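Just so you know, our numbering puts 123 at position 119 of the sequence shown, and the rest follows in order with no gaps. Note that the Cβ used here is the ideal one computed from N, Cα and C, for glycine as well. As the structure is a prediction and not an experimental result, all values here were calculated from the model.
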Amino acid sequence: RDQLVGLKVTQVMDTDVSGMAFDDVMQCIIDAPSPVSIAFEIDDEVEEATAEADPAFEIGTAVQIKVIQEGNEDRAIDAQVGDNLRKLLLENDVELYRGLKKKLGNCGGGGQCTFCAVDFVESEGWEERSEYEDKKISKYPTARLACMNNIQGPATIRIE
C-alpha cells in the first residue's frame with residue numbers, strides 16, 4: 005500500500021495513541037525523537053469505501069492548478085496529482101504569505117498557523133477537506149490549508 009489514506013495511527017514510538025485526540029497524537033509525533041516510529045491500523049470500513057471510490061486521478065497524473073490572486077495576473081501552474089499544494093505554490097513563486105504577520109508567523113507547513121489557507125473556487129476529484137481543517141478554518145467552508153493537501157485533481161484557487 006503506497007498511501008496512508010484511511011489508516012489510523014495507533015502507536016507513536018511505543019506509546020499507545022489510539023484513544024487520543026488528533027492534536028494530542030500530533031504533539032506525540034512532534035515530541036518524538038528522530039527517526040520516529042509510527043504504527044498504523046487499517047479501518048476495514050474505510051478500506052472498503054476507499055476501494056469503492058477510487059480516486060478520479062491517479063498519482064502522477066498531470067493537472068493544472070489555476071491561481072487567482074489580487075494584484076497579480078491569474079495563472080495556471082502545471083502540477084501532478086500527489087504533489088503538495090503549498091510546496092507547488094512556493095516553488096512557482098506564488099506569494100502565499102502576504103504581509104509581515106504571515107511571513108513571520110508561518111509554521112513552515114506544519115498545519116498550525118493557518119496562514120497558507122487558500123479558497124477553492126473550483127475543483128475536480130478532490131475529497132472533502134479533513135476534520136482537522138474543519139476545526140482550524142471553520143469560518144471558511146471552501147478553504148483548505150495548502151500545507152495539508154496533496155493535489156488530487158485540477159483546481160482553481162483564490163489566495164488573499
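Item, Value
"So Leu-3 and Thr-118 are in contact, right, with Cβ under 8 Å, and what is the actual spacing, rounded?", "Summary: the structure shown does not reach residue 3, with the chain confined to residues 5 through 164, and so no result is reported for it."
"By how many angstroms is the C-alpha of Met-30 removed from the C-alpha of Gly-114?", "10 Å"
"Please confirm whether Ile-163 and Ile-72 have their CB atoms less than 9 Å apart.", "yes"
"Check Glu-95 in the structure and name its three-state DSSP category.", "helix"
"What is the C-beta distance between Val-85 and Ile-63, in whole angstroms, given that I count them as a contact (C-beta under 8 Å)?", "5 Å"
"Count the other CB atoms within 10 Å of the CB of Glu-131; is the residue buried (16 or more) or exposed (fewer)?", "exposed"
"Tell me, which residues are paired with Glu-126 by DSSP?", "Thr-160"
"Reducing DSSP to helix, strand and coil, say where Asp-27 ends up.", "helix"
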